[in-house]
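Written below as structure tokens is the structure these notes are about.
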Amino acid sequence: NAGVTQTPKFRILKIGQSMTLQCTQDMNHNYMYWYRQDPGMGLKLIYYSVGAGITDKGEVPNGYNVSRSTTEDFPLRLELAAPSQTSVYFCASSPRSHQGRANTEAFFGQGTRLTVV
Amino acid sequence: GENVEQHPSTLSVQEGDSAVIKCTYSDSASNYFPWYKQELGKRPQLIIDIRSNVGEKKDQRIAVTLNKTAKHFSLHITETQPEDSAVYFCAASKANDKIIFGKGTRLHILP
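Chains as they are written, first to last, in my numbering: chain A, 2 to 118; chain B, 12 to 122.
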């Protein structure tokens with residue numbers, strides 16, 4: 002298993018450009034997440050999905066969009082890049098818990114370092 | 012929704028001493044509490060987790076304690092080593108819900 006794979010690893014965007022950060026997992030996990038991590042800071046949840054066709058906003062969704070057409074893929078779209086979106090973006094996935102039982106470990110991709118200039 | 016507070020934000024300890032990081036959570040329905048370690052430039056990785064039916068769990072030099080009544084849990088690292096230097100995140104979640112992370116603690120192991 003490759004686990005959680007993110008592409009690209011690095012990207013420089015100009016203000017106003019758009020791009021899609023790709024995330025795919027081969028563990029058949031129901032849950033997928035997008036986080037951003039600013040330098041020296043914690044993980045902020047952008048969007049998450051509990052399964053194909055279902056997405057929901059996290060703490061900082063403005064300026065981003067997501068879709069979940071398959072279990073495996075959870076792309077993150079930036080429509081009009083702004084300098085405030087300069088960050089490291091992590092995608093993660095975790096399996097669904099059995100009803101009433103606790104969740105389990107989330108697995109992270111290697112991250113995408115995005116710079117908006 | 013769930014809110015996870017983590018303290019301290021930075022911690023420096025002498026090599027060989029113990030380190031303790033504390034977290035509190037707000038949602039009494041949360042029942043899963045993982046801890047992640049993130050080395051510089053790397054992705055967060057799970058180091059230990061605890062579920063609400065257990066009060067303490069230990070794995071070699073790492074232990075986690077959970078107090079459900081007070082809604083707080085802690086990470087204990089004993090006999091710290093240079094390779095323990097990293098950022099540590101606590102998190103909380105409940106069944107079929109998203110994981111919420113604390114803001115992280117930067118741990119420095121001093122020679």
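Yeah, the Cβ is synthetic: ideal placement off N, Cα and C, and Gly gets one too.
Anything in chain B within Cβ reach of residue i, meaning under 7 Å, just list it in chain order.
i	result
Q111(A)	R54
A107(A)	I110
What's the C-alpha gap between residue i and residue j?
i	j	result
P93(B)	G112(A)	25 Å
Y49(A)	I120(B)	35 Å
P84(A)	Q38(A)	14 Å
K69(B)	L57(B)	14 Å
T8(A)	C24(A)	7 Å
N63(A)	L22(A)	16 Å
V117(A)	I110(B)	28 Å
Between which two residues does the beta strand (DSSP E) carrying residue i extend?
i	result
E16(B)	V15 to H18
I13(A)	F11 to L14
E67(B)	E67 to D70
A81(B)	Per DSSP, A81(B) belongs to no beta strand (DSSP E) and is neither H nor E.
M20(A)	M20 to Q26
N66(A)	Y65 to V67
Check the Cβ of residue i against every Cβ in chain B and list those closer than 8 Å, keeping chain order.
i	result
L44(A)	P55, F100, F112 and G115
R97(A)	N107
What is the DSSP secondary structure of residue i, reduced to helix, strand or coil?
i	result
E26(B)	coil
S50(A)	strand
S88(A)	strand
D60(B)	strand
P45(B)	strand
D74(A)	strand
D57(A)	strand
Under the criterion of a Cβ to heavy atom distance below 7 Å, does residue i qualify as lining the ligand SAH?
i	result
S20(B)	Although the ligand SAH was asked about, the structure shown includes no ligands whatsoever.
At a CB distance below 9 Å, what residues from the segment 78-106 of chain B approach chain A? Give them in sequence order. V98, F100, A102, S104, K105 and A106
Inset, instruction - Using a Cβ-Cβ cut-off of less than 7 Å, list which residues of the segment 61-91 of chain A approach chain B; keep chain order. - result: Of all residues in the segment 61-91 of chain A, the ones placed with a Cβ closer than 7 Å to any Cβ belonging to chain B are F91, in chain order.
Query raised in the report: Taking any Cβ of chain A, which residues in the segment 24-53 of chain B have a Cβ under 7 Å from it, in chain order?
Result: Listed in sequence order: N42, Y43 and P45.
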